[in-house]
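Going by the numbering used here, the first residue of the sequence shown is number 2, and it counts up by one from there.
The beta carbon of each residue, even a glycine, is placed where N, CA and C say it ideally should be.
What follows is one structure encoded as structure tokens, with my remarks underneath.
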Amino acid sequence: MRTLPAVILFGPFAIYAAEPTPISSLLTEAARSNPAILAARGAWQAAAHVPSQVSTMPDPQVTVQHVSVGSPRPFAGYSNSDFAYIGLGVSQDLPYPGKLKLKGEAAQRDVAITRQKLESVTRSVLQQVKDTYFQLAYIQETLGVLDRNGKLLEQIEKIADARYRVGQGSQQEVLKAQLERTKLQLEVVHHHDIMETQQAQLRKLLNRTADSPDVTVETLVETPMSLSVDDLLAKIRVDNPEVAGQQEMINRQTLQVEMARKDKYPDFSLQYMWQHTAEPFRDYYMVSFSARLPIYRRRKLNPEMNQAVEELNKTKREYEGQVQSAFFDVRSQYIAAQTASQMLKIYREGLIPQALETYQSGLTSYQTGRQDFETLLSAFMDVLNFDQEYWKTLSEHEAALSKMEQLTGVQIR
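So this is what it looks like as structure tokens:
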């Protein structure tokens, strides 16, 4: 049965809670509409048109010649000179065999690099969507905690006021309870401000208009972690887009070294010319073949080769650095997720029920005069703080898993 929208009251605020939006639908929308992803996709699609261009032979050149003797006017020399003629020719540059193929392969590596950049941008944007979603879920639950504990504090205030009226308590206890209620209202205002900021961030990531409705998120649930850290690290060299992009850069620079080596070989040019003179004379036909001689080895070709080799070595070092950085990030997030999972268990099975039981016992004792107000207030603050810390830890746990998904490409959820 479909659930109707409910009204949730948080202090002076009212939120009309629409039906929660699953995070999966937001991720799909971001992948389809985010400007950064669309721009990266456009760059990849544009790069895909380059290999066929650079691996194609240079355009042929057509030549038209006219020689006129005795007069500057075109075609005026045929009647008074045997040297006047008109010629038509075509020429074709011929790169040394293998050069065009190398250029095409290098352009293919550029396509692969931009494809990995697209994947990197996509994962980064989706990671931001997840983090914003988890932050909104934490704030949503925190506002619920503040609302529930505000009612508990109102109950304490009424008991303190009743005790004060019959002379069993002090006015200071009533004022202290009222002060704590005001502090809770301040917390509510602060968290609503954070919520508005996160909603604006989500609109930006989804490329929605500024006046689009807020997103209602689902309740956070702890995601179990079944993979070991070694399973995740094994995915780094294969499925991490930054690492894969660096590997493609190595392939690109390796081809650049081979292209620098090919530049030491000559390029050629082939030309064919037909010349027509006056009618009594036969036509002329000429074929010419030329070569570009790469003779400046010390000043040009050798430095070009050295540059390509040094850039290849630099790219290899950057690759190893990227791998180590990704290893560190995965280990760090794995430890954070494990620690958060242990803390969540302690909160659920120990701190939260114990704090609630202590508060309820203290409330009964305070009503009968067997416990002072400060002890009761301290027990109440434990209930409030442990509840808030639980949801904060849960959001951090989910964010750590999400970061590992970004780094490894593994779908943990």
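Residue i - containing alpha helix (DSSP H), residue span
i    : result
Q169 : Q169 -> no alpha helix (DSSP H), and no H or E assigned at all.
T64  : Run containing T64: none in the alpha helix (DSSP H); it sits in the beta strand (DSSP E), 62-68.
G322 : 303-347
S53  : 51-55
A211 : Here A211 belongs to no alpha helix (DSSP H), and DSSP marks it neither H nor E.
G43  : 36-48
Secondary structure of residue i, DSSP reduced to three states
i    : result
F269 : strand
D94  : strand
F290 : strand
I9   : Low local confidence applies: a pLDDT of 44 at I9 is under 50, so the model's placement there is unreliable, with the coordinate-based value given in what follows. Note: I9 maps to strand in three-state DSSP.
H398 : helix
V222 : coil
Q372 : coil
E358 : helix
I157 : helix
L228 : coil
G105 : helix
R74  : coil
G99  : coil
I296 : coil
F387 : helix
F84  : coil
M58  : coil
E406 : helix
Opposing strand residues paired with residue i [DSSP bridges]
i    : result
L203 : L203 is not bridged to any residue.
G151 : DSSP, once it has assigned bridges, lists no residue as partnering G151.
L436 : With the chain covering 2 to 414 only, the question about residue 436 has no answer from this structure.
T123 : Its beta-bridge partners do not exist; DSSP assigns none.
T22  : V218
Delimiting residues of the beta strand (DSSP E) encompassing residue i
i    : result
Q412 : Note, Q412: premise wrong, no beta strand (DSSP E); not H, not E.
Residue i CB to nearest heavy atom of the ligand MG below 6 Å
i    : result
L144 : The ligand MG is absent from the structure shown, which contains no ligands of any kind.
> What alpha helix (DSSP H) runs, 4 residues minimum, are completely inside the stretch 230-284?
Replying inline: 230-234, 237-240, 242-263
> Can you find at least 3 beta carbon pairs, one from the stretch 318-333 and one from the stretch 396-414, that sit closer than 8 Å?
Replying inline: yes
>> Pairs of beta-carbons, one from the stretch 273-280 and one from the stretch 101-108, closer than 8 Å: are there three or more?
In response: no
> Quick check: the stretch 202-212 against the stretch 29-39, are there 3 or more CB pairs under 8 Å?
Replying inline: yes
>> When you compare the stretch 54-74 with the stretch 238-247, are there three or more beta-carbon pairs, one atom per stretch, that lie closer than 8 Å?
In response: No, because fewer than three Cβ pairs between the stretch 54-74 and the stretch 238-247 fall closer than 8 Å, the two stretches do not touch.
> Per the contact definition of three or more C-beta pairs closer than 8 Å, is the stretch 161-176 in contact with the stretch 83-91?
Replying inline: no
> How about the stretch 343-362 and the stretch 375-385: do they share at least three Cβ pairs that are nearer than 8 Å?
Replying inline: yes
>> Is it the case that the stretch 127-141 contacts the stretch 255-263, given that we only count it when at least three CB pairs across the two stretches are under 8 Å?
In response: No contact exists between the stretch 255-263 and the stretch 127-141.
>> Any contact between the stretch 177-193 and the stretch 133-145? By contact I mean 3 or more CB pairs, one from each, below 8 Å.
In response: Yes: the two stretches touch, three or more of their Cβ pairs being nearer than 8 Å.
>> Pairs of beta-carbons, one from the stretch 145-162 and one from the stretch 286-304, closer than 8 Å: are there three or more?
In response: At 8 Å Cβ cutoff, the stretches do not touch.
> Any chance the stretch 220-234 sits against the stretch 392-400, with 3 or more Cβ pairs inside 8 Å?
Replying inline: yes
> If you pair each beta-carbon of the stretch 172-183 with each one of the stretch 365-384, do three or more pairs fall below 8 Å?
Replying inline: yes
> How do the stretch 117-125 and the stretch 251-260 stand: do at least 3 beta-carbon pairs fall below 8 Å, yes or no?
Replying inline: no
> Would you say the stretch 264-274 touches the stretch 292-300, given that touching needs at least three Cβ pairs under 8 Å?
Replying inline: yes
>> Across the stretch 40-60 and the stretch 20-30, are there enough close Cβ pairs to call them in contact, namely three or more that are closer than 8 Å?
In response: no
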